[in-house]
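Numbering (my numbering), first residue to last: 1 to 427. For every residue, glycine included, the Cβ atom is placed at its ideal position computed from N, Cα and C. These figures come from a predicted structure and were not determined experimentally. Down below is the structure, laid out as structure tokens.
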């Protein structure tokens, strides 16, 4: 007797659309790539983020070349903080209300325009530090909407079953670009100057915009209706504060953003003054950190659903500051490259695990607002750490300031872990 085959259903509910991709036989590490929309997203992201990292490298070196001031580097990093602080929580409210794909097309188009403006100023030879500061502030406004929209959009592309893997692969893409971008940017910076890095970054935004427009998505469903934006904002804050694990994860992200990753702001000066190297070495150290970050993302993608994410996060949060302290007191370029790899692994484990644990412990209707708070930790508050480390480095010295920052990161992370023991038990 022939085997019975159930009829195909013409209308599949949106919440199970990701199941249509199950016929792709992919390794567990790449399970989220079964989804067409996510494949498009990853391809566009990789191209665009290579350009973004090229601009980050070139912009930091350009500012330092113009000013020869660690404080100027900190000010540029700080410039995006004020708009992010004021707007990002409201950005989460918007994310919960509008189609995320449309919002991302708008943010990516605006970021492209800002890159072209910086390229024009640089090519014309009139660029000043205040130009970069102003453009950074404009980018802060863009990031206030782009950050939470990116984070919340992942679940719409892959569903909950592949969410952990998708977040890890997204992080892997980000840091693959972190390897390629600085390497390409360092060569271009030395060969033809910062202007070409900014111009090419603007062009690469076309890739992600095209991929976003090529996606096939179910109709957007508004999660909240008939409630004022203010009440939605307050509701999101109360929701995040009312869950101990969510509150602890957001605090850990805040500590890490303020005191853990702020060293990257003064890295151009560190490479120049402490290691005695130039622009190519600066790009190489950033690339080494990217290698480590890709490794960390691969670990989460392969074993991130093993039920030990809380334990991994605890170890990453306590190990990263120790390695950062060693990096700060080191004077040897070769050892600095190795330590940069280890820092990249710790950075990626911590932020990817925080993101994953947040997304798997919140309701869909609150996703944009909670993730806007997560985004706020590194777009809104991280620049305060950048400003502080840039200013204090001129008073205390580069190595001493980074060591103090690492010590603060370690002590505060330990306090959060001890105060919230259930964090270590999160699956």
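What do you reckon, are the CB atoms on residue i and residue j nearer than 8 Å?
i: residue 50; j: residue 265; result: no
i: residue 324; j: residue 397; result: no
i: residue 339; j: residue 318; result: no
i: residue 59; j: residue 141; result: no
i: residue 134; j: residue 198; result: no
i: residue 136; j: residue 91; result: no
i: residue 255; j: residue 402; result: no
i: residue 167; j: residue 352; result: yes
i: residue 236; j: residue 370; result: yes
i: residue 426; j: residue 309; result: yes
i: residue 288; j: residue 337; result: yes
Can you tell me which of the options puts its alpha carbon nearest to the alpha carbon of residue i?
i: residue 232; options: 347, 283, 272, 95; result: 95
i: residue 66; options: 53, 291, 268; result: 268
i: residue 422; options: 141, 311, 63, 284; result: 311
i: residue 257; options: 384, 216, 419, 427; result: 384
i: residue 329; options: 99, 294, 214, 406; result: 406
i: residue 138; options: 337, 35, 107, 121; result: 107
i: residue 246; options: 99, 37, 334, 367; result: 367
i: residue 126; options: 420, 63, 333, 219; result: 63
i: residue 216; options: 356, 101, 355; result: 101
i: residue 343; options: 362, 334, 363, 321; result: 321
i: residue 68; options: 272, 350, 212; result: 272
i: residue 290; options: 302, 276, 98, 346; result: 346
i: residue 74; options: 293, 262, 359; result: 262
i: residue 30; options: 128, 70, 171, 93; result: 171
Starting from residue i, follow the alpha helix (DSSP H) in both directions and report where the run begins and ends.
i: residue 131; result: 129-158
i: residue 326; result: 309-329
i: residue 277; result: No alpha helix (DSSP H) holds residue 277; DSSP gives it neither H nor E.
i: residue 215; result: Careful: residue 215 lies outside any alpha helix (DSSP H) and carries neither H nor E.
i: residue 125; result: Residue 125 -> no alpha helix (DSSP H), and no H or E assigned at all.
i: residue 394; result: 382-396
i: residue 332; result: Counting along the chain, residue 332 falls outside any alpha helix (DSSP H), and DSSP gives it neither H nor E.
i: residue 467; result: The structure shown does not extend to residue 467, since the chain is modelled only from 1 through 427, so no value can be given for it.
i: residue 252; result: 244-255
i: residue 85; result: 81-95
i: residue 375; result: 367-376
Near residue i, which residues of its chain fall below 6 Å by C-beta distance, leaving aside the five closest residues on each side in sequence?
i: residue 85; result: 380
i: residue 373; result: 240, 250
i: residue 229; result: 93
CA-CA distance, residue i and residue j?
i: residue 89; j: residue 248; result: 18 Å
i: residue 400; j: residue 389; result: 10 Å
i: residue 76; j: residue 393; result: 15 Å
i: residue 240; j: residue 150; result: 19 Å
i: residue 410; j: residue 252; result: 11 Å
i: residue 174; j: residue 296; result: 12 Å
i: residue 314; j: residue 191; result: 43 Å
i: residue 41; j: residue 356; result: 18 Å
i: residue 331; j: residue 183; result: 22 Å
i: residue 404; j: residue 35; result: 45 Å
i: residue 83; j: residue 377; result: 13 Å
i: residue 298; j: residue 124; result: 42 Å
i: residue 302; j: residue 165; result: 8 Å
i: residue 413; j: residue 53; result: 28 Å
Is it the case that the CB of residue i approaches a heavy atom of the ligand MN more closely than 7 Å?
i: residue 117; result: What this structure holds is no ligand at all, so the ligand MN is not there to describe.
Within a Cβ cutoff of 7 Å, which residues of the same chain sit near residue i, ignoring the five residues on either side of it in sequence?
i: residue 375; result: 88, 147, 148, 151
i: residue 80; result: 136, 137, 139, 140, 143, 379, 383
i: residue 362; result: 246, 370
i: residue 176; result: 46, 294
Whose C-beta lies closer than 8 Å to the C-beta of residue i among residues of the same chain, with five residues either side of it excluded?
i: residue 209; result: 44, 105, 108, 109, 112
i: residue 61; result: 189, 194, 268, 279, 282
i: residue 418; result: none
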